[in-house]
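Mapping of the sequence shown onto the numbering used here: residues 421 to 697, in sequence order.
Cβ atoms here follow ideal geometry from the backbone N, Cα and C, with glycine treated the same way.
Quick notes on the structure that follows.
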Amino acid sequence: MTQDRIPLAGVIGSPVAHSKSPQLHRHWLRQYGLPGYYIPMDVGPDDLRQVIEALPKAGFVGANVTVPHKEAIMEIADLATDRATLIGAANTLIFRPDGKIHADNTDGYGFIENLRQGAPDWDAKAGPCAVLGAGGAARAVIVALLDAGVPEIMLSNRTRARAETLQKEFGTRITVVEWVQAGNMLEDAATVVNTTSLGMIGMPPLRVPLDGLQRGATVTDLVYAPLQTRFLQTAEEMGCTTVDGLGMLLHQAVPGFERWFGQRPEVDAAARAAVLR
Ligand code: ATR
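Structure below.
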């Protein structure tokens, strides 16, 4: 690749039209006056490998990968970071000058950075953490929480077997709680995270009883549409510190943007406004 080629990046998923990433990266490119483009690419599973392998030849320096390709991309990448390997999924690719495709997972990083920015007094070691849900997003959240030093994770999921799989994989600091008992684990929790899609526009509400929530607990929701979920609203009324899920989306984009375009971007009010437009 010659020096004067304009760096290209984008997000690969299917469907991908709803992705907020193009708005965010374009905002940062404009803000920092950088040359570059970031585009959404709707690619089905059968074409994924072929498209990924062609992108570097077309001037792409990297890409984000989203649903349904986050796991499959691990088979296509030549190298993966430890955290991507541990989670078993990647969301950020770097196309290296030597032709190798490098996969990283920045979802957990984005989750923790959002928590730290939204709740500056949050202390991972303050007490047990309650996690609702055991899907793909929960894997990244759990790895990040354990890495941050939480003493214990109480994990509850409608399908108990998925929670047990995570417990087997990620170890002794995880306790599985029956979905019908999920409300009980909130009584001991210093941190509470909803990783399910419940409460999202078009989904049923999260019906876990919240009266056990501790005043002073830090409560966060991965759902960001609506920004203020009923879960967060109730937690706030009960005196908890609440952090909405939009910041995770913003923060997970930082490492990729920095690697591709050479500038570490700021997650600030303007970045939030860019994706809410
Ligand atoms: P993601 O990558 O966003 O985590 P996912 O892997 O499909 O997506 O996981 C969705 C999560 O929301 C799961 O924890 C799922 O519970 P199940 O494992 O039992 O499917 C949870 N979820 C979705 N709809 C739900 C519902 N109606 N009631 C309870 N949990 C639900």
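Does at least one heavy atom of the ligand ATR sit under 7 Å from the Cβ of residue i?
i, result
"arginine 618", "First, the amino acid is wrong: residue 618 is leucine here, not arginine. For the ligand ATR, at least one heavy atom lies less than 7 Å from the Cβ of leucine 618."
"proline 624", "yes"
"threonine 615", "yes"
"threonine 579", "yes"
"leucine 430", "Inspection of the sequence shows that residue 430 is occupied by glycine rather than by leucine. Answer for glycine 430: no, Cβ out of range of the ligand ATR."
"arginine 650", "no"
"glycine 433", "no"
"alanine 558", "yes"
"glycine 530", "no"
"glycine 555", "yes"
"arginine 469", "no"
"arginine 582", "yes"
Between residue i and residue j, which are expected to be in contact by the criterion C-beta below 8 Å, what is the C-beta distance as a whole number of angstroms?
i, j, result
"glycine 667", "asparagine 534", "3 Å"
"alanine 564", "phenylalanine 590", "Not confirmed; about 11 Å, so no contact."
"leucine 669", "leucine 630", "Contact doesn't hold; Cβ gap of about 24 Å is too wide."
"alanine 510", "alanine 500", "6 Å"
"alanine 690", "glutamine 443", "At roughly 12 Å, the Cβ-Cβ gap does not stay under 8 Å, so alanine 690 and glutamine 443 are not in contact."
"proline 548", "alanine 610", "6 Å"
"threonine 638", "threonine 661", "5 Å"
"glycine 479", "arginine 679", "Not really, about 16 Å apart at Cβ, beyond 8 Å."
"valine 561", "arginine 580", "That belief does not hold up - the Cβ atoms of valine 561 and arginine 580 are roughly 18 Å apart, past 8 Å."
"isoleucine 573", "arginine 593", "6 Å"
Have a look at residue i and residue j and give me their C-alpha separation to the nearest angstrom.
i, j, result
"aspartate 466", "isoleucine 472", "12 Å"
"aspartate 527", "alanine 554", "15 Å"
"glutamine 648", "isoleucine 459", "28 Å"
"glycine 632", "arginine 536", "24 Å"
"glycine 430", "isoleucine 507", "22 Å"
"alanine 583", "proline 488", "21 Å"
"threonine 585", "threonine 654", "30 Å"
"isoleucine 496", "alanine 557", "21 Å"
"threonine 505", "glycine 603", "32 Å"
"histidine 447", "glycine 659", "35 Å"
"glycine 569", "leucine 642", "20 Å"
"isoleucine 514", "glutamate 657", "43 Å"
"alanine 693", "arginine 578", "34 Å"
Is it buried or exposed, residue i, if we count other Cβ atoms within 10 angstroms and call 16 or more buried?
i, result
"aspartate 524", "buried"
"glutamine 672", "buried"
"methionine 421", "Caution applies to methionine 421, whose pLDDT of 48 falls short of 50 and renders its modelled position unreliable; the value that the coordinates give is listed next. By the neighbour-count rule (16 or more Cβ atoms within 10 Å), methionine 421 is not buried but exposed."
"leucine 696", "exposed"
"methionine 623", "exposed"
"valine 756", "Absent from the model: residue 756. The displayed extent of the chain is 421 to 697, so no value can be given."
"valine 551", "buried"
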